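Straight run, no breaks: the sequence shown in my numbering ends on number 277. All remarks here apply to the structure that follows.
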Amino acid sequence: MERRYASHPNEVKQFDTQRLRKEFHIPTLFTPDQLELVLTHEDRLIIGGAAPVNDEIKLETELKELGVSFFLERRELGAINVGGPGSVVVDGTEYELNTKDCLYVGKGSREVIFKSKDAAKPAKFYLNSAPAHQEFPTAKTTLADAESGALGSIENSNERTIHRFIHENGIQSSQLVMGMTQLKTGNMWNTMPAHVHPRRMEAYMYFDLAEDAVVFHLMGEPDETRHIVIRNEQAVISPSWSIHSGVGTSNYTFIWGMAGDNKAYADMDAVAIKDLK
Numbered sequence: 001m002e003r004r005y006a007s008h009p010n011e012v013k014q015f016d017t018q019r020l021r022k023e024f025h026i027p028t029l030f031t032p033d034q035l036e037l038v039l040t041h042e043d044r045l046i047i048g049g050a051a052p053v054n055d056e057i058k059l060e061t062e063l064k065e066l067g068v069s070f071f072l073e074r075r076e077l078g079a080i081n082v083g084g085p086g087s088v089v090v091d092g093t094e095y096e097l098n099t100k101d102c103l104y105v106g107k108g109s110r111e112v113i114f115k116s117k118d119a120a121k122p123a124k125f126y127l128n129s130a131p132a133h134q135e136f137p138t139a140k141t142t143l144a145d146a147e148s149g150a151l152g153s154i155e156n157s158n159e160r161t162i163h164r165f166i167h168e169n170g171i172q173s174s175q176l177v178m179g180m181t182q183l184k185t186g187n188m189w190n191t192m193p194a195h196v197h198p199r200r201m202e203a204y205m206y207f208d209l210a211e212d213a214v215v216f217h218l219m220g221e222p223d224e225t226r227h228i229v230i231r232n233e234q235a236v237i238s239p240s241w242s243i244h245s246g247v248g249t250s251n252y253t254f255i256w257g258m259a260g261d262n263k264a265y266a267d268m269d270a271v272a273i274k275d276l277k
């Protein structure tokens, strides 16, 4: 498991492109038959991916990093499948996940195994794990069952649908919040006007991008913005003090995950477009 440390905004404003990418960009999430994990010290969120093809993948890592005897002893997990049909086995109970289905796995679950139904169309499980201080039951939701809403307009190139999976009115968790935003064809902007929420950090994982397409992800303090170029199935870490917005060369989908002091999706501090620099 790779470790990333938290950064102060006064330091980040001095970073060049290489340093920005090293600290915040996660280029590899899905390696066949391997578990990829990145631990950020921003609210100690773990961001990762499991891509079972020919073999099952167990949720495990060097436990000294977490100070526990098994991965979810003091953690919870959200898994969203962005590949072909697959399943997640939690302590012997199997949950089938089709594309864009979500599974929440609660604190105290001892064994988690990721599987693909067909090696020719393997599943790809995007993972977020946050520290948890209360147990909640394992629960699954589909894209159709998620709390969804339309935002934006074609005039502003940001017509999109937001699907909330793990949140205060959906699947219950200790602190983890996860969902998915799909931009409609002809729309490129996400999360604009921008915002920050100093009470929670956030991570984005962009996918449904063509091989030659990119997203210019915007980050930084509102008056000290920077950008990171993101390609298909890559993630980016957003500290609580940073905006998290972006524009693509085409439409795309992204998964957002948050950890912090509350689970209130609407708790954000808006930034007027005129104030961005």
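We put the beta carbon where it would ideally sit given N, CA and C, even for glycine. Bear in mind the structure is a predicted one, so any value in this text is a computation, not a measurement.
Name the DSSP bridge partner or partners of residue i?
i      : result
Val196 : Asp269
Lys140 : Leu103
His163 : Ser148, Met180
Glu76  : Ala130
Ile255 : Met180, Met205
Asn190 : Gly246
Gly49  : Glu36, Tyr126
Gln234 : Tyr206
Gly92  : In the DSSP output, where bridge partners are listed per residue, Gly92 has none listed.
Met219 : Arg226
His25  : Val236
Val112 : Val90
With a threshold of 16 other CB atoms inside 10 Å of the CB of residue i, please say whether the residue is buried or exposed.
i      : result
Glu135 : exposed
Leu72  : buried
Ala120 : exposed
Asp43  : buried
Leu76  : With the sequence shown as reference, residue 76 is identified as Glu, and Leu is not the correct amino acid for it. Under this definition Glu76 is a buried residue.
Pro27  : exposed
Thr40  : buried
Gln234 : buried
His133 : exposed
Gln175 : buried
Ile57  : buried
Tyr326 : Within the shown structure, residues of the chain are numbered from 1 to 277, placing residue 326 beyond reach of any answer.
Lys100 : buried
Tyr204 : buried
Leu29  : buried
Tyr206 : buried
Thr31  : exposed
Would you grab the beta carbon distance between residue i and residue j for me? Rounded to a whole angstrom, and I think it's under 8 Å.
i      : j      : result
Asn187 : Ile154 : 7 Å
Ala279 : Lys124 : Outside the shown range of the chain (1 to 277) lies residue 279, about which nothing can therefore be said.
Phe24  : Val247 : In fact, because the Cβ distance is near 17 Å, the residues do not count as touching under 8 Å.
Gly48  : Leu143 : Between Leu143 and Gly48 the Cβ distance is about 21 Å, and since that is not below 8 Å, they are no contact.
Glu202 : Ser173 : Not really, about 15 Å apart at Cβ, beyond 8 Å.
Asp33  : Pro85  : About 17 Å separates the two Cβ atoms, so there is no contact after all.
Pro122 : Gly83  : 6 Å
Kindly list the residues whose CB is nearer than 8 Å to the CB of residue i, restricted to its own chain and excluding five residues on each side of it in sequence; keep chain order.
i      : result
Phe165 : Gly78, Ile80, Cys102, Tyr104, Thr141, Ala146, Ile171, Met178, Gly179, Met180
Glu200 : Correcting the residue identity first, residue 200 is Arg in this sequence and not Glu. Closer than 8 Å at Cβ, skipping near neighbours: Asp43, Val177, Ser240, Met258, Ala259, Gly260, Asp261, Asn262, Asp267.
His195 : Ile243, Met268, Asp269, Ala270, Val271
Glu2   : Leu37, Val38, Leu39
Asp16  : none
Ser156 : It should be noted that the sequence gives Asn, not Ser, for residue 156. So the qualifying residues of the chain are Trp189, Met192.
Output the distance between the C-alpha atoms of residue i and residue j, rounded to the nearest integer angstrom.
i      : j      : result
His217 : Ile228 : 5 Å
Asn98  : Ser116 : 10 Å
Val38  : Asn54  : 23 Å
Tyr95  : Ile113 : 10 Å
His244 : Glu36  : 23 Å
Arg19  : Thr93  : 43 Å
Thr185 : Ser250 : 8 Å
Ile230 : Glu221 : 19 Å
Val90  : His8   : 38 Å
Arg226 : Ile273 : 15 Å
Skipping 5 residues on each side, what residues in its chain have a beta carbon closer than 6 Å to that of residue i?
i      : result
Gly152 : Asn158, Glu159, Arg160
Ser129 : Ile46, Arg75, Leu77
Leu59  : Phe71, Val112
Leu209 : Asn232, Tyr252
Is any beta-carbon of chain C found at less than 8 Å from that of residue i?
i      : result
Ala213 : No chain C appears in the structure shown, which is made up of a single protein chain.
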